[in-house]
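**Student:** Here it is: the structure, laid out below.
Residue numbers (the working numbering), protein chains in the order written: chain A, 1229 to 1344; chain B, 140 to 248.
Right, here's the structure in full:
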């Protein structure tokens, strides 16, 4: 079964450092997403990406964050200057959005980011 | 008020019991998702519904669009079903998914 792959599974970084979280979506999917889940809280939408540009972003996704699809397979989330409150599990997802409007999401297993 | 409300927040049951988790939402949706989050944190998509009912093994999901309500049922529950079950909706206004807070299910052997 096709998978969304995220690396690394766990990253520890110093406050103020830049981090890049990587995702390899399912190959024939065209829509990509990042979500985050702070420990003990619900999952929150960050950003959606289609056709090499952001299609939606939440209030959380400020100038500190950016996304990129640097090649045909990777989809990255960059956090420019990490803060303690960025510590969370970050999930990547992709979807196929078939023309009938019925589409499934596949989530990656997440990257646990710890900012110290 | 949360746009997606789940009940109960926590549920403990004996192995073999029939489980129901409820989800109500207040926004217009294009689809509703039921997700399972394991203790390690990984999320698995169980169902995506826009109407009616879907069944997969011991899991059944139903949705009532008029009442803005969905239920996830687990028949013959087993300790391996222990997880957090999350209801989420795809808004029909934009490209976002709105998540509920999840229901923590614990099945006792």
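Ideal placement from N, C-alpha and C gives every residue a C-beta, glycine not left out.
Predicted model only: the values in this text are computed from it and were never measured.
1. Report buried or exposed for residue 194/B, applying the criterion of at least 16 other Cβ atoms within 10 angstroms of its Cβ.
2. Quick check: the Cα distance between residue 144/B and residue 232/B, rounded to an integer number of angstroms?
3. Give me the DSSP bridge partner(s) of residue 216/B.
4. According to the neighbour-count rule (16 or more other Cβ atoms, all chains shown, within 10 Å of its Cβ), is residue 1276/A buried or exposed?
5. Name, going along the chain, the residues of the region 1308 to 1321 of chain A whose beta-carbon falls closer than 7 Å to a beta-carbon of chain B.
6. Check the C-beta distance from residue 215/B over to residue 197/B and give it rounded, since I have them as a contact under 8 Å.
7. For residue 1315/A and residue 242/B, I'd like the C-alpha separation in whole angstroms.
8. Could you tell me whether any Cβ in chain A is nearer than 8 Å to the Cβ of residue 157/B?
9. Is the beta carbon of residue 176/B sitting closer than 8 Å to the one on residue 168/B?
**Tutor:** Working from what's here:
1. Classified as exposed, residue 194/B has fewer than 16 neighbouring CB atoms from the shown chains inside 10 Å of its CB.
2. Take the alpha-carbon of residue 144/B and the one of residue 232/B: they are about 19 Å apart.
3. Answer is none; residue 216/B lacks a bridge partner.
4. With 16 or more neighbouring CB atoms inside 10 Å of its own CB, residue 1276/A falls in the buried class.
5. Within the region 1308 to 1321 of chain A, the residues whose Cβ lies closer than 7 Å to some Cβ of chain B are 1317, 1319, listed in chain order.
6. The beta carbons of residue 215/B and residue 197/B sit about 6 Å from each other, so the pair counts as a contact at 8 Å.
7. Looking at the two C-alpha atoms, the distance is approximately 23 Å.
8. Chain A, which has no Cβ nearer than 8 Å to the Cβ of residue 157/B, makes this no.
9. The Cβ atoms of residue 176/B and residue 168/B lie no closer than 8 Å to each other.
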